[in-house]
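5 is the number that the UniProt record's numbering gives to position 5 of the sequence shown; each next residue is one higher, with no gaps. Heads up, the beta-carbon is just placed ideally off N, CA and C, and yes, glycines get one too. Before any comments, here is the structure.
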Amino acid sequence: MVDKYEDPFVRIASMIGGDEYLKVARSLLKAEDATDEEIASSTGLRINMVRKVLYDLFGKSLITGIRVKDERKGWFVYRWRTRREEVEHFIESQKKKITERLQQRFDYENYSDFYHCGNEDCNRVTFEDALEGMFKCPSCGSVLNLKKNDKSKKAYSKKIDEIKKDMQQTF
Numbered sequence: 001m002v003d004k005y006e007d008p009f010v011r012i013a014s015m016i017g018g019d020e021y022l023k024v025a026r027s028l029l030k031a032e033d034a035t036d037e038e039i040a041s042s043t044g045l046r047i048n049m050v051r052k053v054l055y056d057l058f059g060k061s062l063i064t065g066i067r068v069k070d071e072r073k074g075w076f077v078y079r080w081r082t083r084r085e086e087v088e089h090f091i092e093s094q095k096k097k098i099t100e101r102l103q104q105r106f107d108y109e110n111y112s113d114f115y116h117c118g119n120e121d122c123n124r125v126t127f128e129d130a131l132e133g134m135f136k137c138p139s140c141g142s143v144l145n146l147k148k149n150d151k152s153k154k155a156y157s158k159k160i161d162e163i164k165k166d167m168q169q170t171f
């Protein structure tokens, strides 16, 4: 379990992947330049799980790996190190992606007409689909009527504004 005073790197890792990520992140903070075997040993996780977590965090630029030759074994191993300075950038990029997706959905809701039969079990349909089906509900066969979608447009707009406001306060 993560508490609110935990290092931001550990909190983000936990949000990304849960308990395994939490254990690996804590281990990385305790021992900079640790190998995957050392991390597996300190966390009690299987080596393949540790590697999966490390590669995912590496792909998100939250850690970096340095390839070095193991003198005892004679092959190359990676020594992993946190990039705690990238946590804020990662958070901001995630907020930006979410905002873009919400904006796309808002635009779709804003510029589309939807039709519904009034039956809660049936889905709403676009104008094109309603026209193709002669304004009969594809599920129950009832007549389709124009459905206002002001609630969803307002909800998307509000969430977009909240995230944008939060992003502005960060900088």
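Which listed residue (the options) has its alpha carbon closest to that of residue i
{"i": "L62", "options": "D113, S14, C140 and E109", "result": "S14"}
{"i": "T99", "options": "E6, M167, S27 and Y5", "result": "M167"}
{"i": "K164", "options": "S152, T64, L102 and N149", "result": "L102"}
{"i": "C117", "options": "L146, Q94 and Y156", "result": "L146"}
{"i": "K148", "options": "Y111, Q169, E128 and K159", "result": "Y111"}
{"i": "N48", "options": "E109, A31, D33 and V24", "result": "V24"}
{"i": "Y21", "options": "D113, G44 and K4", "result": "G44"}
{"i": "K151", "options": "C140, F135, Q169 and E109", "result": "E109"}
{"i": "I160", "options": "F106, E86 and R84", "result": "F106"}
For residue i, the first and last residue of its enclosing beta strand (DSSP E)
{"i": "N149", "result": "Element bounds for N149: n/a, residue is neither H nor E."}
{"i": "Y78", "result": "F76 to T82"}
DSSP three-state assignment for residue i, whether helix, strand or coil
{"i": "Y115", "result": "strand"}
{"i": "N123", "result": "coil"}
{"i": "T43", "result": "helix"}
{"i": "K136", "result": "strand"}
{"i": "T64", "result": "strand"}
{"i": "A34", "result": "strand"}
Cβ distance (whole Å) where residue i is taken to contact residue j below 8 Å
{"i": "V50", "j": "I39", "result": "5 Å"}
{"i": "K52", "j": "F90", "result": "Not really, about 18 Å apart at Cβ, beyond 8 Å."}
Element boundaries [alpha helix (DSSP H), containing residue i]
{"i": "S14", "result": "P8 to G17"}
Discussion item. Check whether the segment 28-38 and the segment 73-86 are in contact - that is, three or more C-beta pairs closer than 8 Å.
Written reply: yes
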